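Note that the numbering used here has the sequence shown beginning at 88, numbered continuously upward. Below is one structure, written out as structure tokens, with a few remarks after it.
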Amino acid sequence: MSILGLKKKQPKTFKVKVITMDAEMEFSCEVKWKGKDLFDLVCRTVGLRETWFFGLRYTVKDTYAWLKPEKRVLDQEVPKDSPITFHFLAKFFPEKVEEELVQEITQHLFFLQVKKQILDEEIFCSPEASVLLASYAVQAKYGDYDPNFHKPGFLAQDELLPKRVLMQYQMTADMWEEKITAWYAEHRGIARDEAEMEYLKIAQDLEMYGVSYFAITQNKRDTDLLLGVDAQGLHIYSPNSKLSPNKSFPWSDIRNISYSEKEFTIKPLDKKKDVFKFYSSQLRVNKLILQLCIGNHDLFMRRRKVDSIEVQQMKAQAKEEKARKKMERQILAREKQMREEAERAKEEMERRLFQLQDEARLANEALHFLQLRSEETADLLAEKAQIAEEEAKLLAHKAAEAEQERQRLEVTAMKTKEEKRLMEQKMREAEQLAVKLVEQSERRLKEADHLKQDLTEAKDAERRAKQKLLEITKTTYPLIAAYSTPPAPPEAADFGYESASTRLDFKDSDMKRLSMEIERERLEYMEKSKHLHDQLKELKSEIESLKLEEQQQQAGLYSLRSEARGYTQEPVYIPHSNRNSAYMSQMAFFEEV
Numbered sequence: 088m089s090i091l092g093l094k095k096k097q098p099k100t101f102k103v104k105v106i107t108m109d110a111e112m113e114f115s116c117e118v119k120w121k122g123k124d125l126f127d128l129v130c131r132t133v134g135l136r137e138t139w140f141f142g143l144r145y146t147v148k149d150t151y152a153w154l155k156p157e158k159r160v161l162d163q164e165v166p167k168d169s170p171i172t173f174h175f176l177a178k179f180f181p182e183k184v185e186e187e188l189v190q191e192i193t194q195h196l197f198f199l200q201v202k203k204q205i206l207d208e209e210i211f212c213s214p215e216a217s218v219l220l221a222s223y224a225v226q227a228k229y230g231d232y233d234p235n236f237h238k239p240g241f242l243a244q245d246e247l248l249p250k251r252v253l254m255q256y257q258m259t260a261d262m263w264e265e266k267i268t269a270w271y272a273e274h275r276g277i278a279r280d281e282a283e284m285e286y287l288k289i290a291q292d293l294e295m296y297g298v299s300y301f302a303i304t305q306n307k308r309d310t311d312l313l314l315g316v317d318a319q320g321l322h323i324y325s326p327n328s329k330l331s332p333n334k335s336f337p338w339s340d341i342r343n344i345s346y347s348e349k350e351f352t353i354k355p356l357d358k359k360k361d362v363f364k365f366y367s368s369q370l371r372v373n374k375l376i377l378q379l380c381i382g383n384h385d386l387f388m389r390r391r392k393v394d395s396i397e398v399q400q401m402k403a404q405a406k407e408e409k410a411r412k413k414m415e416r417q418i419l420a421r422e423k424q425m426r427e428e429a430e431r432a433k434e435e436m437e438r439r440l441f442q443l444q445d446e447a448r449l450a451n452e453a454l455h456f457l458q459l460r461s462e463e464t465a466d467l468l469a470e471k472a473q474i475a476e477e478e479a480k481l482l483a484h485k486a487a488e489a490e491q492e493r494q495r496l497e498v499t500a501m502k503t504k505e506e507k508r509l510m511e512q513k514m515r516e517a518e519q520l521a522v523k524l525v526e527q528s529e530r531r532l533k534e535a536d537h538l539k540q541d542l543t544e545a546k547d548a549e550r551r552a553k554q555k556l557l558e559i560t561k562t563t564y565p566l567i568a569a570y571s572t573p574p575a576p577p578e579a580a581d582f583g584y585e586s587a588s589t590r591l592d593f594k595d596s597d598m599k600r601l602s603m604e605i606e607r608e609r610l611e612y613m614e615k616s617k618h619l620h621d622q623l624k625e626l627k628s629e630i631e632s633l634k635l636e637e638q639q640q641q642a643g644l645y646s647l648r649s650e651a652r653g654y655t656q657e658p659v660y661i662p663h664s665n666r667n668s669a670y671m672s673q674m675a676f677f678e679e680v
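The structure is reproduced here in structure tokens:
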């Protein structure tokens, strides 16, 4: 045997690209590998143990098919491209995600696939449910909501809602983001796997969740029905309604499913019920329907049995893992809270430090300002002290002068009192004199009135005497001339005439004498009145000067006392006594006289 014959032939390989929901992987496969070999390699690479939900799907012409595990990969109708592309997807869906999905990677793959189906509108979802699901998707991606970090617009690049929902309402992207953020803020404290599980729990209640639809006919001519295959059983739909089935066949009521070429037959468990037959247009689709029916029915029966040892171990490990992660999350949450509290305390301390620094700076500035002010104040106080000392000396000097002035004023006041007493005595004398003069004037007035009356009577008598004399004269001389009587003796005539003349002359002399005496007395009275008036004026001026001098002396004495005491005050006017008021009234009377 040659050396070359000992060498083992290298197996031929082909390239495969596997696309999961969040990654792409390339493998180099041997030609003899079956579908199970490639599937197990992908599961080991992903770390997936719940393999019964998944499969490798590839595209064939205008439909798709699942890689069969028992046949070689290259013997199936896979594309001849290099590398061959497969999609690692969930082939079967659980009835209750919370109970059946054990591994976190399983939950994550289901979450990504269901989310994509909802966004691609393969699963119908109402707008309200779409917003709620989007909020859980954001929580799974970004964690807890932080308004300081998650600013408006942080969801602008994320596809969260189906286009049908966006077109249904006239709302802007900011308005949708505001609605999603409002729900997102309420999910604080939920971990990523919990948020994804909440997403799946809501999605599994949707009518189109986990349903694979196929076009069928109830006879060979029409194509007016849809067949739906899911974890619950088989459902018949109208072509325009994928939400409410017209007829359903639960797995528990199905005894057998068979097909012959394009004809499918569903036999109920109850033999009394009719057998349901339908037709499919393609043989490849019939095989796919049969695969899905067999797989979903196996899982349906498996759920009703006791879990295998492998599944129990997986659930126990998953439970321990969840407990450990929950504890880690709690520890992390406490540490995060402590860190946040420490950061807040640090920020508070820094803020307090800045505040204290500002206060210290302000205090230093204030201290410096106070030092300057204190120096200025000290200089000012020293200057004021010097001025106060000088003022004290000046006040002491003024106090001494005021004391001297006070003594002088007291002496002057004593003199003034003596002079005032003398003036009062003079006033009393003047009053007495004035009273006497008034009495004399009254008496003189009475005498003048009597004299005037006597004078008037004398004038009247003289007038009557003259009138009688004229009458006598007129009657005497005409008679003498008429009768030519001899003249009377001259002696007698002369005597009678002289007697009358003497009598007349006597009357005239008395009147003249009386008039002269009256005139003389009037002149004397006028002279005395003038002299008295002058005396009264002089007395009045002396009294006014004494009053003014007394007021000035009192004001000066009061101001000197005030300066001696260290303060000033308005001078107080001291009114005169009632006696001075009597003097003023008497003086007014004298002036009238």
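Yeah, the Cβ is synthetic: ideal placement off N, Cα and C, and Gly gets one too. Quantities reported herein were computed from a predicted structural model and do not represent experimental measurements.
Cβ pair residue i, residue j closer than 9 Å
i	j	result
H174	T107	yes
L143	L161	no
R342	P355	yes
L633	M510	yes
D124	E117	yes
R275	E208	no
Y296	F180	yes
K102	R159	no
T172	L135	no
Y346	N373	yes
E408	E191	yes
M112	K121	no
E608	A535	yes
L219	K202	no
L482	K615	no
E348	K364	no
I376	F301	yes
R390	E182	yes
E137	H195	no
For residue i, the nearest candidate out of the options (CA to CA)
i	options	result
I303	L313, D385 and V129	L313
D109	P156, V118, N383 and L176	L176
D35	Y256, C212 and W270	Outside the modelled stretch of the chain, which goes from 88 to 680, sits residue 35, for which no answer is possible.
K504	L199, A405 and E636	E636
A517	L454, L440, E534 and I630	I630
E49	P326, T543 and R416	The structure shown does not extend to residue 49, since the chain is modelled only from 88 through 680, so no value can be given for it.
S169	V218, A221, S115 and R159	S115
K287	K334, I205 and K266	Note that residue 287 is Leu in the sequence shown here, rather than Lys. With distances taken between Cα atoms, L287 lies closest to I205.
E215	L248, L196 and E187	L248
T499	Q641, V362, H618 and L468	Q641
A272	F236, S528 and T352	F236
D394	K627, L459 and V189	V189
R684	E463, Q458, Y612 and E452	Given that the chain is displayed from residue 88 to residue 680, the structure contains no residue 684 and the question cannot be resolved.
Own chain partners of residue i with C-beta closer than 8 Å, once the 5 adjacent residues on each side are dropped
i	result
E585	Residue placement at E585 is poorly supported in this model, since its pLDDT is 40, which falls under 50; the coordinates still yield a value, given next. Nothing meets the Cβ criterion.
V298	G315, V316, D317, H322 and K329
N306	Y366
L242	V225, E264, I267 and T268
D261	P239 and G240
I210	V201, Q204, A290, L293, M295 and Y296
Cβ-based neighbour list, residue i, same chain, cut-off 6 Å, excluding 5 preceding and 5 following
i	result
Y670	Bear in mind that the predicted position of Y670 carries a pLDDT of just 44, short of 50, making it unreliable; the figure below should be weighed with that in mind. Only M514 meet the Cβ criterion.
F593	With a pLDDT of 44 at F593, under the threshold of 50, the modelled position of that residue is not reliable, and no figure is offered here.
E490	none
R279	A227
K358	none
M258	none
K402	V189
Residues that residue i bridges to, as DSSP identifies them
i	result
E117	T100
V105	M112 and F173
A302	L313
E350	S347 and Y366
S325	S328
G297	Note: G297 sits in no beta bridge, so no partner.
K334	I323
P355	I341
Contacting residues, own chain, Cβ-Cβ under 7 Å from residue i (five flanking each side not counted)
i	result
K99	V118
Q378	W153
Q29	With the chain covering 88 to 680 only, the question about residue 29 has no answer from this structure.
L199	M108 and D109
Quick one: complete beta strand (DSSP E) runs, 3+ long, within the stretch 127-172? 141-147 and 150-153
Scan the stretch 360-387 and note each continuous alpha helix (DSSP H) run of 4 residues or more that stays entirely inside, going in chain order. none
Secondary structure, alpha helix (DSSP H): runs of 4+ residues fully inside the stretch 387-417: none
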